[in-house]
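Undergrad: Sending over a structure as structure tokens; questions will come in a sec.
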Amino acid sequence: MGSFVRISICTSMLFIASLRAQDSSRAGSTAQSCGRGAAATGVQQQLFLSAGWNIVSSYVYPADPFLTEMLAGIEEHLLILKDGRGRVFWPAYGINKIVFWEKEKGYQLYVTEAETLIVDGEQLVPEEVSIDLAAGWNMISYVRSSPLAPAAALASITDYLFIVKDGEGRIYWPSQNIDQIGEMEPGKGYYCYLSQPAVLIYPPNGAESGRISTPCSRQFPAPLHFHPFRTNTGSSAILLLKTPELLDGDEIAACTADGKITGSGVVQEGEALLVLWGDDEVTPLVDGARNDEPLYLLCWFSRTGSELPVQCTSLRDALESKWSLVALRFHDNAVLTGETLASARLPERAALAQNYPNPFNSSTLLLYQLPENGEIELAVYDLCGRRVRSLAAGMKAAGWYEVVWDGRSDAGTPLSSGFYWVVMRTGGLRQQIKMTLIK
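Per the numbering used here: the sequence shown = residues 46 to 484.
Structure, rendered in structure tokens:
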């Protein structure tokens with residue numbers, strides 16, 4: 046969303062009336078469709094909203110679906126509402142790209158204080174609501190009036206469903222046999238990732254309800270030692286780590302360079318599941334990881350009470366099924382798997398990652414990897430081709446490495462602002478990246 050910029054929107058009253066008339070026709074046809082599948086009229090649903098971000102949906106189609114009318118009761122504390130396609134309703138700036146409520150969608154909204162949104166209208170018949178989903182991420186509604194386990198609720202898309210998560214960071218990941226959601230709840234919206242387009246149709250309200258979890262679903266206890274700086278920031282990622290060298294009850298935290306904990310998890314049967322929280326751009330405080338910000342892992346050993354860093358290796362983007370350079374960075378909605386050093390495979394190739402941050406004004410971090418033992422040279426050059434700083438040289442074992450450059454020469458002299466090249470040579474490989482130093 047970026048920093049708030051005041052936006053002036055000058056629109057004639059004639060245009061507004063015309064737009065509302067067009068959308069009334071569109072919304073009216075939608076409401077008519079909902080009416081045919083409605084179980085009852087004059088139904089009311091209360092959506093309880095916590096201060097901050099919420100993902101919501103409703104099993105009631107509102108009598109007046111226009112957002113300006115439907116959300117009038119919480120207008121005092123409503124900051125912004127977003128759908129899964131990047132459209133927003135932003136009352137303070139007169140922006141309404143969503144226009145009216147759609148029964149198939151979940152919505153992410155931010156309120157400055159706890160609120161109760163009352164939805165009056167017609168109750169939907171879940172088996173008559175077809176929800177078209179695209180490949181990739183979707184923010185979906187839950188149109189049943191009673192809870193149901195994700196495996197049963199999402200049975201119509203089982204073949205294409207990869208992962209589901211809610212606004213609190215709980216997930217349902219069937220291929221990993223993880224179910225933290227337990228039951229999908231009325232009033233909640235959910236993110237789900239599909240391998241290809243599909244149509245979601247929920248079971249009828251009379252279907253079996255209640256908290257049903259697969260008996261063999263893995264459960265991860267809540268951390269006791271490490272606690273994230275903040276949760277429920279409206280931005281999150283998932284990291285599943287293999288940690289066979291650690292004991293049950295040990296904890297792992299993902300931290301920013303300044304020591305802020307963005308996520309944590311408890312080791313259970315050789316694995317740990319972490320929800321990584323991103324920065325909430327609504328607040329002026331940096332309260333999570335920024336996009337593309339590198340993270341490091343810290344382990345708390347339950348038997349000794351000590352904290353030590355651990356290295357994350359063999360990092361994999363589970364959504365793209367690709368192994369990548371081991372540089373753990375935060376990206377919203379990423380789903381990652383990795384290994385801690387003792388359980389890790391060796392890199393498949395030699396590679397040098399782009400430095401972070403870039404540009405930089407004091408120091409910057411470089412990560413590189415070697416698939417086998419060998420000679421390496423890692424050095425910084427100015428634009429005239431002069432070598433100004435040696436960062437690594439000599440024989441190195443296969444593995445993952447990191448080095449910090451402080452913007453100084455080999456003699457310790459601060460270098461001037463400008464562009465510099467970092468060149469890595471090992472075996473027959475020569476790779477270089479460009480960096481920007483700003484004083």
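Beta carbons are placed, not taken as given, at the ideal position from N, Cα and C, and that holds for glycine.
#1: Does D487 come out as helix, strand or coil in the three-state DSSP assignment?
#2: Going by the beta-carbon positions, is the gap between K437 and I421 smaller than 8 Å?
#3: How long is the line joining the alpha carbons of D177 and G151, rounded to whole angstroms?
#4: When we look at the beta-carbon of S461 and count the other beta-carbons within 10 Å, is it buried (16 or more) or exposed?
#5: Does K233 pass the burial test, meaning 16 or more other C-beta atoms within 10 Å, or should it be called exposed?
#6: Since T307 is in the beta strand (DSSP E), which residue starts that stretch and which ends it?
#7: Looking only at its chain, what residues have a beta carbon closer than 6 Å to the beta carbon of L285, apart from the 5 residues adjacent to it on each side?
#8: To the nearest angstrom, report how far apart S359 and E326 are at their CA atoms.
#9: Starting from T113, follow the alpha helix (DSSP H) in both directions and report where the run begins and ends.
#10: Counting only runs that start and end within the region 166-199, where is the alpha helix (DSSP H) found for 4 or more residues in a row?
#11: Exposed or buried, which one is E160 when buried takes at least 16 other CB atoms within 10 Å?
#12: For a test of the three-state rule: what should DSSP assign to L364, helix, strand or coil?
#13: If you scan the region 297-348 from start to end, which runs of the beta strand (DSSP E) of 3 or more residues do you find wholly inside it?
#14: Three or more C-beta pairs closer than 8 Å, one from the region 303-311 and one from the region 243-253: is that the case here?
#15: I believe V467 touches I478 by the beta-carbon criterion, under 8 Å. Please report the beta-carbon distance rounded to the nearest angstrom.
#16: What residue from S175, W182, S220 has the CA that sits closest to S201's CA?
#17: Between which two residues does the beta strand (DSSP E) containing M440 stretch?
#18: My assumption, with CB atoms under 8 Å, is that C237 sits in contact with I297. Please give the rounded CB distance.
#19: DSSP three-state call for L224: helix, strand or coil?
#20: If Q264 sits next to D165, beta carbons under 8 Å apart, how far is it from one beta carbon to the other, in whole angstroms?
TA: In terms of the structure at hand:
#1: Since the displayed the chain opens at 46 and closes at 484, residue 487 lies outside it and no answer follows.
#2: What you label residue 437 is simply residue 392 of the sequence shown in a count that begins at 1. What you label residue 421 is simply residue 376 of the sequence shown in a count that begins at 1. Strictly speaking, residue 437 in this sequence is Ala, with Lys absent from that position. The Cβ atoms of A437 and I421 lie closer than 8 Å to each other.
#3: On the sequence shown, residue 177 is found 132 positions in, with the first residue counted as 1. On the sequence shown, residue 151 is found 106 positions in, with the first residue counted as 1. Rounded to the nearest whole angstrom, the C-alpha separation of D177 and G151 is 13 Å.
#4: Working through the sequence shown from its first residue, we reach residue 461 at position 416. Exposed, since its Cβ has fewer than 16 Cβ neighbours within 10 Å.
#5: Residue mapping note: residue 233 aligns to position 188 of the sequence shown, counting from 1. Buried, since its Cβ has 16 or more Cβ neighbours within 10 Å.
#6: Your numbering for residue 307 matches position 262 in the sequence shown. T307 -> beta strand (DSSP E) spans 306-311.
#7: Taking the first residue of the sequence shown as position 1, residue 285 is located at position 240. The beta carbon of L285 lies closer than 6 Å to those of L318, T382 in the same chain, with the five residues before and after it left out.
#8: Start at 1 with the first residue of the sequence shown, and residue 359 comes out as number 314. Start at 1 with the first residue of the sequence shown, and residue 326 comes out as number 281. In this model, S359 and E326 are separated by some 30 Å (Cα to Cα).
#9: Here residue 113 is taken as the residue at index 68 of the sequence shown, counted from 1. For T113, the enclosing alpha helix (DSSP H) stretches over residues 112-115.
#10: You should have 195-198.
#11: As a working note, residue 160 is residue 115 in the sequence shown. The residue in question, E160, is buried, as its Cβ has 16 or more Cβ neighbours within 10 Å.
#12: For the purposes of this step, residue 364 is taken as the residue at position 319 of the sequence shown. Here L364 sits in coil by DSSP.
#13: You should have 306-311, 316-322, 341-346.
#14: No: the two stretches stay apart, fewer than three of their Cβ pairs being nearer than 8 Å.
#15: Mapped onto the sequence shown, residue 467 falls at position 422. Mapped onto the sequence shown, residue 478 falls at position 433. That pair is a contact at about 5 Å.
#16: If you number the sequence shown from 1, residue 201 lands on position 156. Here the closest residue by C-alpha is S175.
#17: Position 395 of the sequence shown, counted from the first residue, corresponds to residue 440. Annotation: the continuous beta strand (DSSP E) that includes M440 extends over 432-441.
#18: Position 192 of the sequence shown, counted from the first residue, corresponds to residue 237. Position 252 of the sequence shown, counted from the first residue, corresponds to residue 297. Not a contact, Cβ separation roughly 26 Å.
#19: The count along the sequence shown starts at 1 and reaches residue 224 at position 179. Leu is not the amino acid found at residue 224; the sequence shown has Asp there. If DSSP states are grouped into helix, strand and coil, D224 belongs with the strands.
#20: The residue labelled residue 264 in the question sits at position 219 within the sequence shown. The residue labelled residue 165 in the question sits at position 120 within the sequence shown. The Cβ separation is near 39 Å, so there is no contact.
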